[in-house]
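Colleague: The structure that follows is given in the form of structure tokens.
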Amino acid sequence: ALIGAEMFLDEPSVTGTENAIMAAVLARGTTRIRNAASEPHVQDLCHLLQGMGAHIDGVGTNILRIEGVERLGGTRFRIGADHIEAGSFIGLAAVTGSEITIEGLETDHMRSALLGFRRLGVECTVGEDSLVVHGDRPLEVRADAFGHVPKIDDGPWPAFPADLTSIALVTATQCRGTVLIHEKMFESRMFFTDKLVGMGAQIILCDPHRAVVVGPARLRGGSVESPDIRAGMALLLAALAAEGRSRIGNIGQIERGYERIDERLRALGARISRTDD
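All residue numbers in the sequence shown are consecutive under our numbering, ending with 283.
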């Protein structure tokens with residue numbers, strides 16, 4: 007049988023935190039998890055488990071206190087909106103010069119993403135559970151107060167989400183000005199930039215974690231492979247912004263994070279189709 011314990015996570019890992027929570031709710035005694043991840047999807051898991059009878063305190067913070075129970079019961083639960091998907095659609099509106107309304111959101115979860123996109127000149131009107139992206143307005147990188155190159159960098163929640171750095175980078179290719187994109191949390195996330203350069207983007211890859219983007223660039227269609235979920239979506243946005251036809255391979259990567267993405271993009275007016283080759 008599992009026994010409750012004091013835990014300090016080396017880093018606020020989402021998957022690590024979620025696994026620790028699921029073990030702790032059925033462990034005997036009390037578990038305290040420090041340096042826990044607190045992303046919206048971790049909070050969602052906690053709320054689901056609470057509905058099933060788990061005793062969890064500190065949801066949404068970096069310290070969780072969990073009192074184990076003997077068993078969990080059934081419940082009805084509605085999964086919260088995906089703030090990463092919403093952020094991707096903000097980028098979509100920006101790079102295609104479109105006005106898009108995104109509904110069914112928990113807008114409190116969008117604050118850090120909106121702050122990052124605002125640095126790229128993306129204007130949004132935020133409602134109670136929706137937001138309107140005014141991508142049809144000119145995009146210009148907002149100058150740094152101290153004269154430095156403006157920067158967008160990621161971090162653990164509630165900082166700018168790591169899963170949106172690729173989206174921010176491709177958005178920056180369509181903005182007037184220069185911006186530094188700094189991916190602090192994951193290795194090799196910037197290596198897809200050569201594909202954007204091949205499509206006409208002006209990007210200087212400083213190292214595996216940093217890239218300087220100079221815009222705006224006229225992108226042209228090309229044939230690329232999707233290396234991972236977020237870079238794949240970023241390449242899809244680039245293809246929609248580019249002149250001419252593009253082909254994106256390995257789309258299974260994109261579909262891991264974006265359900266029926268081709269159907270939904272067509273509903274917004276995109277010319278996109280699946281091929282078997």
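Glycine included, C-beta positions come from ideal geometry on N, C-alpha and C.
Kindly indicate which residue of T37, V31 and S19 has the alpha-carbon position closest to the one of M13.
Modeller: Translated into the one-based positions of the sequence shown, residue 13 becomes position 7. Of T37, V31 and S19, the residue nearest in Cα terms is T37.
Colleague: I'd like the span of the alpha helix (DSSP H) that includes Q208, first residue to last.
Modeller: Here residue 208 refers to the residue found at position 202 when the sequence shown is read from its first residue. Counting along the chain, Q208 falls outside any alpha helix (DSSP H), though it belongs to the beta strand (DSSP E) covering Q208 to D213.
Colleague: Within the stretch 131–205, note down every full beta strand (DSSP E) run reaching 3 residues or more, in order along the chain.
Modeller: 136–140, 157–159 and 183–188
Colleague: Considering just the uninterrupted stretch of the alpha helix (DSSP H) at M285, what are its terminal residues?
Modeller: There is no way to answer for residue 285, as the model of the chain reaches only from 7 to 283.
Colleague: Around the C-beta of V185, are 16 or more other C-beta atoms found within 10 angstroms, so that it is buried, or is it exposed?
Modeller: Here residue 185 is taken as the residue at index 179 of the sequence shown, counted from 1. Burial call: buried.
Colleague: Counting pairs of Cβ atoms below 8 Å between the stretch 197–208 and the stretch 162–169, do you hit three or more?
Modeller: In short, these stretches do not touch, since the Cβ pair count stays below three.
Colleague: Looking only at its chain, what residues have a beta carbon closer than 8 Å to the beta carbon of M28, apart from the 5 residues adjacent to it on each side?
Modeller: In the sequence shown, counting from the first residue as 1, residue 28 sits at position 22. Same-chain partners within the cutoff: L51 and L55.
Colleague: Going straight from the alpha carbon of E17 to that of G10, what length do you get?
Modeller: Against the sequence shown, residue 17 aligns to sequence position 11. Against the sequence shown, residue 10 aligns to sequence position 4. About 20 Å.
Colleague: What are the partner residues of D63, as DSSP defines its beta bridges?
Modeller: Looking up residue 63 in the sequence shown gives position 57. According to DSSP, D63 bridges with R71.
Colleague: Cutting at 7 Å between CB atoms, please list the residues of its own chain near Q180, excluding the five before and the five after it.
Modeller: Against the sequence shown, residue 180 aligns to sequence position 174. These residues qualify, in order along the chain: A100, V101, L145, G221, P222 and A247.
Colleague: I'd like to check one pair, G263 with A245: are the Cβ atoms closer than 9 Å?
Modeller: What you label residue 245 is simply residue 239 of the sequence shown in a count that begins at 1. What you label residue 263 is simply residue 257 of the sequence shown in a count that begins at 1. No, the pair does not count as a contact, with Cβ atoms beyond the cut-off.
Colleague: Return the chain-ordered list of same chain residues with a C-beta closer than 7 Å to the C-beta of S44, the five sequence neighbours on each side being excluded.
Modeller: Here residue 44 refers to the residue found at position 38 when the sequence shown is read from its first residue. Same-chain partners within the cutoff: G66, T67, N68 and W163.
Colleague: Can you give me the C-alpha to C-alpha distance between A151 and I96, rounded to a whole angstrom?
Modeller: Indexing the sequence shown from 1 puts residue 151 at position 145. Indexing the sequence shown from 1 puts residue 96 at position 90. Distance between the alpha carbons of A151 and I96: 25 Å.
Colleague: Using the Cβ count rule (16 or more neighbours within 10 Å means buried), how would you classify I235?
Modeller: Within the sequence shown, the letter at position 229 stands for residue 235. So I235 counts as buried.
Colleague: For E265, tell me which candidate among T21, S94, G250 and V139 has the shortest Cα-Cα distance.
Modeller: Residue 265 sits at position 259 when you count from the first residue of the sequence shown. That would be S94, whose Cα lies nearest to the Cα of E265.
Colleague: What is the DSSP secondary structure of A237, counted as helix, strand or coil?
Modeller: Indexing the sequence shown from 1 puts residue 237 at position 231. Note: A237 maps to helix in three-state DSSP.
Colleague: Please work out which residues of its chain come closer than 7 Å, Cβ to Cβ, to V138, disregarding the five sequence neighbours upstream and downstream, and give them in chain order.
Modeller: Along the sequence shown, one-based indexing puts residue 138 at 132. The residues are E105, T107, C130 and T131.
Colleague: Measure the alpha-carbon distance for L32 versus H53 and round it to whole angstroms.
Modeller: Position 26 of the sequence shown, counted from the first residue, corresponds to residue 32. Position 47 of the sequence shown, counted from the first residue, corresponds to residue 53. Near 15 Å, if we compare the C-alpha coordinates of H53 and L32.
Colleague: Is T281 buried or exposed, if buried means 16 or more other CB atoms sit within 10 Å of its CB?
Modeller: Counting from 1 along the sequence shown, the entry for residue 281 is found at position 275. T281 is exposed by the Cβ-count criterion.
Colleague: Pick from I187, G133 and N256: whose alpha carbon is nearest that of I158?
Modeller: Here residue 158 is taken as the residue at index 152 of the sequence shown, counted from 1. A check of alpha carbon separations from I158 across I187, G133 and N256 identifies I187 as the nearest.
Colleague: Three-state secondary structure (DSSP) at I39?
Modeller: By one-based count along the sequence shown, residue 39 stands at place 33. Looking at I39 - three-state DSSP - the assignment turns out to be strand.
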